[in-house]
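Everything on this sheet refers to the single structure shown next.
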Amino acid sequence: MEQNNGYTTEDIILEDNQLICALTKKIKTTSEKELTLQSMIMMFNEEYNFDLNDMEREFTFRYEDEDGKTKRAKADLAIFSPERAHDSENMIRIAIVFDSKVKNNDPKKGVDETLGTYLEYTECEFGVWTNGNDLHYLQCIKDEFGQAQTIDISDFPGKGQAMKDLELAGERAHPRKPANDSLVRTFKRCHDYIYGNEGMKKTAFWELLNLIFCKIYDEKRRFMDAEKGISYRRRFWVGVKEQNTEEGQNKVALRIKGLFSELKNDNLFKEVFDGNEQINLSPRGLAYVASELAKYSFLDATVDVKGTAYETIVSNTLKQEAGQFFTPRNVIRCMVEMMDPDQNTRVLDPACGSGGFLVMVLDHVRKKIASNMFSDKSGVFLEAEYNSFQVNDAVKKYAERMLFGFDFDPDLKKAARMNMVMAGDGHANIFNINSLDYPEGQLVDKDKVALKVAESIAISQDKNFNFDYPMENAFGKFDMIFTNPPFGAKVEVDRSISRRYELGRNPVKDAYGNYLFNGTEKTSEAPEVLFIEQCYNFLKPGGKMAIVLPDGILGNPNTEPVRAWILERFKLLASVDLPVETFLPQVGVQASLLFLQKKTAEEKLIAVSDENYDVFMAIVEAVGKDRRGVPVYVRDDDGAELLFNRKKEWLSLDEKGNPIPKSRNERVKELDDDLPKVSEAYKEFLKKR
């Protein structure tokens, strides 16, 4: 075996449809069922603390049915008592995995027909059945005469736990940090349940978000209560058997609906809601969804995990029309890492959509805050402090003071505010305005913007800065802008708006060949061009901007005046050319990332032709996926996918709730993505300047 740079190659070659099993380290064919099984392996290991050595996949066992006949069965994943032989007598958990074509009531492969039967005729007490979408936990209870009965439960015990521990825990139970894609699957499962079982096809998304907010509010009360010296008691919880009875379902509904009424009037959340929202799920449906969400700690989940789960639901619900689509997370991360905002950076996204850029900025600053506060910690122990009281308090203050987002769509404003709360707050500064129409316009939040920006400046380091615009106007007040503005021929800007822009007029050349933007009004102008000028207006002198732009602006002969306008007013920091796969399969557009810095009055006195400075440039060839959105992995020169040695580390909780470090060694494929390399190369570029 050869080893080099953290990856390994053996006498094996992975095909495009293959993976390495996290449990056996053997090659498996990628399929829907196999991906679900891999997710279950990691969930049992990271969330339930079962050791990999105590697991076995495709475990075959025998049992006698009620007629005394010996039958063979197979557990797709079996878990055994710690350090005991892998035989049916020591089997303590059974997992049955199918693909999504198999329904839970299938007459041969359904929950009762497979898992229920296996539990009834073996000594194993607990099991789980899944088809990738549905997840069913069962407990088998046997009386003194050996009569068995299987009952539905919302969860089963982890390593070192008994059922009584879960039953007694209730409001004192420790929600788990989600592993791998657990939260994505949970959100989708809850959404699909509401959509298919509650008769709410048009409102399933908002019903789910209301419950997600209840969960987040309940977790945040831990810090709110601590500030007031009150003992924290969870209210968003569901007993493991509570959803099985009408009485239990009604108790859950009463508890959580009361929590929702409370949060709508809380200072932290009331600006997110109109005030007339209600939870309309039936007690049965509410108990089911709440039991799924209650298992996990949303605050302890990483921003990537929460963001991916959230955007999976948002993107399937809020149709991306008029040139709007989500910016891929790897693109957002690259842009934020290159600009490197900190606690004193006032940030704006004037086309914020669901808030992806703002959430990433918040996470970036959170990590800086935690590193400064806990400089003696690193790795998983530092990560554990990301949601400590001290860090959360500092992050909340930063977000409330320094993060701003504008969007034309009121639904996206609400979605962005919810995304921000889930990431760590900052939702109060998300406004429903037409950024291109500012400081004019008719949308509801137009007059609120300048007031909130002025409040930010009054308590920030730049309170004595000599701003170009008065405090009654938000122009000239931001340190950084991150944005992916709507663009394309389908997006039309009203002429009454575009005529107010220099770039909304036809350029003419003076005697020296310089462009003057004082010609006749254009009949139309691309919104992304006008966004460049409006972002310039919002920035402070010396402020920086990272923007996604179609390549036509940067290369077409007919957009030369736009490039001239940019170079007269900005210093070009960096240009990153993206491949067409970047935004597919959402939309096919050739785009680049442009990084600019607004010139000061003194810098504008220097002619563009006399300027002399270095510019970082990069061409991205791979973004981790192909045109269909299928992941693409790193390969060797012969086209074989490389396997990388990685140590997965996390903090778990022991039986007493104390954190303990855990790890496992993995051999995994890595996405073929140049963007992380670009952000690192830019950091090195800055060191050499």
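Start counting at 1 in the sequence shown, then tack on 1, and there's your number in our numbering. Backbone N, C-alpha and C fix where the C-beta goes; we use that ideal spot for every residue, glycine too. Small disclaimer: the values here were computed from a predicted structure and weren't measured.
Other residues of its chain near residue i: CB distance less than 6 Å, five sequence neighbours each side excluded
{"i": "Val-103", "result": "Lys-110, Asn-132"}
{"i": "Leu-517", "result": "Val-509, Asp-511"}
{"i": "Lys-532", "result": "The displayed chain sequence assigns Phe, not Lys, to residue 532. Within the same chain, Phe-532 has close Cβ partners Pro-486."}
{"i": "Glu-473", "result": "Ala-451"}
Where residue i sits in the DSSP three-state scheme
{"i": "Gln-598", "result": "strand"}
{"i": "Glu-667", "result": "strand"}
{"i": "Asn-559", "result": "helix"}
{"i": "Gln-591", "result": "coil"}
{"i": "Ala-395", "result": "helix"}
{"i": "Glu-65", "result": "strand"}
{"i": "Gly-249", "result": "helix"}
{"i": "Arg-506", "result": "strand"}
{"i": "Lys-523", "result": "coil"}
{"i": "Pro-618", "result": "The residue you asked about is not Pro; residue 618 is Met in the sequence shown. Here Met-618 sits in strand by DSSP."}
{"i": "Leu-167", "result": "helix"}
{"i": "Gln-19", "result": "strand"}
{"i": "Leu-255", "result": "helix"}
{"i": "Glu-59", "result": "strand"}
Buried or exposed (CB count within 10 angstroms, at least 16 for buried), residue i
{"i": "Thr-524", "result": "exposed"}
{"i": "Phe-407", "result": "buried"}
{"i": "Ile-620", "result": "exposed"}
{"i": "Lys-165", "result": "exposed"}
{"i": "His-365", "result": "buried"}
{"i": "Thr-484", "result": "buried"}
{"i": "Asn-89", "result": "In the sequence under discussion, the amino acid at residue 89 is Ser, which differs from the Asn named in the question. Looking at its Cβ environment, which holds 16 or more other Cβ atoms inside 10 Å, Ser-89 is buried."}
{"i": "Ala-295", "result": "buried"}
{"i": "Asp-153", "result": "exposed"}
{"i": "Pro-284", "result": "buried"}
{"i": "Lys-216", "result": "buried"}
Length of the line joining the Cα atoms of residue i and residue j
{"i": "Gln-150", "j": "Thr-123", "result": "12 Å"}
{"i": "Lys-688", "j": "Lys-678", "result": "16 Å"}
{"i": "Ala-459", "j": "Phe-539", "result": "18 Å"}
{"i": "Glu-312", "j": "Glu-612", "result": "43 Å"}
{"i": "Gly-259", "j": "Ser-355", "result": "28 Å"}
{"i": "Asp-55", "j": "Val-185", "result": "26 Å"}
{"i": "Lys-221", "j": "Glu-386", "result": "15 Å"}
{"i": "Gly-640", "j": "Tyr-634", "result": "10 Å"}
{"i": "Leu-643", "j": "Phe-214", "result": "41 Å"}
{"i": "Lys-414", "j": "Asp-350", "result": "12 Å"}
{"i": "Lys-72", "j": "Tyr-119", "result": "10 Å"}
{"i": "Gly-324", "j": "Glu-526", "result": "At Gly-324 the pLDDT is 43, less than 50, meaning the model places this residue with poor confidence; the figure from the coordinates comes in the next sentence. Cα-Cα distance, rounded: 14 Å."}
{"i": "Arg-501", "j": "Arg-330", "result": "34 Å"}
{"i": "Pro-558", "j": "Leu-504", "result": "16 Å"}
{"i": "Thr-61", "j": "Lys-75", "result": "4 Å"}
{"i": "Lys-663", "j": "Glu-650", "result": "6 Å"}
{"i": "Asn-266", "j": "Leu-167", "result": "32 Å"}
{"i": "Phe-390", "j": "Trp-207", "result": "29 Å"}
{"i": "Asn-5", "j": "Ile-231", "result": "In this prediction, Asn-5 scores a pLDDT of 43, lower than 50, which makes its location untrustworthy; no coordinate-derived value is stated."}
Terminal residues of the alpha helix (DSSP H) in which residue i lies
{"i": "Ser-457", "result": "450-459"}
{"i": "Met-421", "result": "411-424"}
{"i": "Tyr-289", "result": "284-295"}
Cβ-based neighbour list, residue i, same chain, cut-off 7 Å, excluding 5 preceding and 5 following
{"i": "Ile-434", "result": "Phe-407, Gly-442, Leu-444, Asp-446, Lys-447, Val-450"}
{"i": "Ala-23", "result": "Gln-39, Ile-42, Met-43, Glu-667"}
{"i": "Leu-116", "result": "Ile-95, Ile-97, Gly-128, Trp-130, Leu-139"}
{"i": "Val-609", "result": "Leu-568, Glu-569"}
{"i": "Tyr-49", "result": "Gly-159, Lys-160"}
{"i": "Asp-438", "result": "Ile-498"}
Extent of the continuous beta strand (DSSP E) run through residue i
{"i": "Met-546", "result": "540-551"}
{"i": "Met-201", "result": "Met-201 -> no beta strand (DSSP E), and no H or E assigned at all."}
{"i": "His-137", "result": "136-143"}
{"i": "Leu-644", "result": "644-654"}
{"i": "Gly-128", "result": "127-131"}
{"i": "Ser-576", "result": "571-578"}
{"i": "Leu-1", "result": "The structure shown has nothing for residue 1, since the chain only spans 2 to 690."}
{"i": "Ala-1", "result": "Residue 1 lies beyond the stretch modelled for the chain, which goes from 2 to 690, so this question has no answer here."}
{"i": "Leu-404", "result": "404-408"}
{"i": "Asp-480", "result": "479-484"}
{"i": "Thr-346", "result": "Taken as a continuous stretch (DSSP letters only), Thr-346 belongs to no beta strand (DSSP E), as it is neither H nor E."}
Same chain, Cβ closer than 8 Å to residue i, five either side skipped, listed in chain order
{"i": "Arg-223", "result": "Tyr-233"}
{"i": "Gly-616", "result": "The question names Gly, but residue 616 in the sequence shown is Val. So the list reads Leu-573, Leu-574, Ala-575, Ser-576, once near-sequence residues are dropped."}
{"i": "Phe-571", "result": "Tyr-537, Met-546, Leu-597, Gln-598, Lys-599, Lys-600"}
{"i": "Met-340", "result": "Met-481, Phe-483, Lys-545, Ala-547, Phe-596"}
{"i": "Asp-52", "result": "Asn-46, Pro-83, Lys-160"}
beta-carbon residue i near the ligand SAH non-hydrogen atom, thresh 7 Å
{"i": "Ser-610", "result": "The model depicted lacks the ligand SAH and carries no ligand whatsoever."}
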